[in-house]
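Visitor: Take this structure first; my questions come after.
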Amino acid sequence: MNCDELEPLLLEFVSGELVIAVRETVDVHVTGCAHCEALLISYRHTVRVAAALPKCAALPAALEARLRKALADQMGEGEDCR
Amino acid sequence: MVAPLPEKLTPEQVFREHAPRIYNLARRMLGNDADAEDVTQDVLLQVVRKLDTFRGDAQLTTWLHRVTVNAALALRQKRANRQKHEAGEAVDEVLDRAAPTGTVKRWDVPPDEPVLAAEQHELIDRAIGELPDMYRDVFVLADVQGLDNAEIGELLNLSVPAVKSRLHRARMRMRDLLAPHFEAEDAP
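In structure tokens form, the structure reads like this:
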């Protein structure tokens with residue numbers, strides 16, 4: 000395996016989808032190749048930082064007020080969504 | 000013994016628990032606060048209108064993903080049609096390569112799950128905003144939202160191999176964009 004052959008396998012390598020024989024070939028190449036080892040570490044970290052992003056960060060105050068008003072309007076102003 | 004029926008959701012519960020999720024997803028897909036706010040309002044009003052049809056939070060969460068993604072794609076399409084009309088052509092940006100050019104430097108990062116500071120959130124969100132739409136959608140749904148490839152394929156009307164191909168290219172582009180911020184200092 001060379002560096003060009005490894006790159007397209009990264010997604011399946013990090014998600015554990017590669018068959019064992021191919022996975023072992025990748026492992027062997029990465030162990031002996033500083034370029035691909037650095038690429039693999041950075042690829043994995045890219046996936047990890049994306050997963051660590053907040054998925055429900057607070058709404059901006061102006062948007063929260065706008066949404067509450069829209070909800071109250073839709074509900075006929077009979078029920079305060081608070 | 001019969002399991003009790005899940006409690007009926009109230010508009011306030013939906014607002015508190017789901018509006019921020021809807022907004023964060025829409026904002027990352029659209030890269031624009033005003034558009035994300037419009038999508039959030041549309042989706043929230045839709046869900047409250049249909050609240051009686053949901054039994055339980057899991058069903059609602061799945062539905063919200065679908066409706067938010069559809070609303071974001073529809074809004075983007077509307078904008079693209081307007082731009083196309085004004086500019087006379089459409090722009091389909093395709094990443095023509097995945098492999099990095101030149102030397103890949105080692106990143107100075109911890110081996111386990113990262114804890115990100117607020118400024119790093121901004122940095123990563125800015126990089127996501129630089130991805131072409133077709134790659135950004137897949138990256139946000141897969142790597143930020145944690146959806147599996149089959150779910151993403153259904154949402155975006157793509158085959159699983161197409162999802163994987165776009166996701167790989169998106170990750171490689173993200174890697175390139177983030178590299179200057181994470182690369183280890185050269186030894187003196």
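Protein chains in written order, with numbering that gives the first Met the number 0: chain F, 0 to 81; chain A, 0 to 187.
The C-beta atom is built at its ideal place from N, Cα and C for all residues, glycine as well.
1. Counting only beta-carbon separations shorter than 8 Å, does His-167 (chain A) have a partner in chain F?
2. Could you check which residue in F:Ala-71, F:Leu-5 and F:Ala-57 has the C-alpha nearest to that of Val-25 (chain F)?
3. So, does the CB of Met-173 (chain A) fall closer than 8 Å to a CB anywhere in chain F?
4. Give the interface partners of Gln-144 (chain A) over in chain F, defined as CB-CB distance under 8 Å, in chain order.
5. Taking 8 Å as the cut-off, decide whether the C-beta atoms of Met-173 (chain A) and Phe-138 (chain A) are in contact.
6. Quick check on Glu-112 (chain A): does DSSP put it in helix, strand or coil?
7. Would you say Thr-67 (chain A) and Leu-8 (chain A) are within 8 Å of each other, going by their C-beta atoms?
8. What does the alpha-carbon distance come out to for the pair Ala-89 (chain A) and Arg-67 (chain F)?
9. Write down every uninterrupted run of the alpha helix (DSSP H) in the segment 23–60 of chain A whose length is 4 residues or greater and which is fully enclosed by it, in chain order.
10. Within the segment 119–180 of chain A, note down every full alpha helix (DSSP H) run reaching 4 residues or more, in order along the chain.
11. Who are Glu-23 (chain F)'s beta bridge partners in DSSP?
12. Which value, in whole angstroms, describes the spacing of the CA atoms of Ile-40 (chain F) and Glu-11 (chain A)?
13. Do Pro-113 (chain A) and Asp-175 (chain A) count as a contact pair if the criterion is CB distance below 8 Å?
14. With DSSP collapsed to three states, give me the class of Glu-182 (chain A).
15. Could you tell me whether the Cβ of Ile-151 (chain A) comes closer than 8 Å to any Cβ of chain F?
Guide: Working from what's here:
1. Mapped onto the second sequence, residue 167 (chain A) falls at position 168. Closer than 8 Å to some Cβ of chain F, the Cβ of His-167 (chain A) qualifies, so yes.
2. As a first step, residue 25 (chain F) is located in the first sequence; it is residue number 26 there, counting from the start. Out of F:Ala-71, F:Leu-5 and F:Ala-57, F:Leu-5 has the C-alpha closest to the C-alpha of Val-25 (chain F).
3. On the second sequence, position 174 is the one that residue 173 (chain A) refers to. Output row for Met-173 (chain A): interface = yes.
4. Counting from 1 along the second sequence, the entry for residue 144 (chain A) is found at position 145. Within 8 Å Cβ-Cβ: Lys-54.
5. For the purposes of this step, residue 173 (chain A) is taken as residue 174 along the second sequence, with counting starting at 1. For the purposes of this step, residue 138 (chain A) is taken as residue 139 along the second sequence, with counting starting at 1. Cβ atoms of Met-173 (chain A) and Phe-138 (chain A): closer than 8 Å.
6. By 1-based counting over the second sequence, the position of residue 112 (chain A) is 113. The answer is coil: DSSP assigns Glu-112 (chain A) none of H, G, I, E or B.
7. For the purposes of this step, residue 67 (chain A) is identified with residue 68 of the second sequence, where counting begins at 1. For the purposes of this step, residue 8 (chain A) is identified with residue 9 of the second sequence, where counting begins at 1. Contact flag unset, no.
8. For the purposes of this step, residue 89 (chain A) is taken as residue 90 along the second sequence, with counting starting at 1. For the purposes of this step, residue 67 (chain F) is taken as residue 68 along the first sequence, with counting starting at 1. Low confidence applies to Ala-89 (chain A): its pLDDT is 49, below 50, so where it sits in the model is not reliable enough to give any reading.
9. The qualifying runs are 32–48.
10. 132–138 and 148–155
11. In the first sequence, counting from the first residue as 1, residue 23 (chain F) sits at position 24. In the DSSP output, where bridge partners are listed per residue, Glu-23 (chain F) has none listed.
12. On the first sequence, position 41 is the one that residue 40 (chain F) refers to. On the second sequence, position 12 is the one that residue 11 (chain A) refers to. One C-alpha to the other measures close to 43 Å.
13. Looking up residue 175 (chain A) in the second sequence gives position 176. Looking up residue 113 (chain A) in the second sequence gives position 114. No. Outside cutoff.
14. Here residue 182 (chain A) is taken as the residue at index 183 of the second sequence, counted from 1. In this structure, Glu-182 (chain A) counts as strand in the three-state DSSP scheme.
15. On the second sequence, residue 151 (chain A) is found 152 positions in, with the first residue counted as 1. Chain F contact via Cβ: absent.
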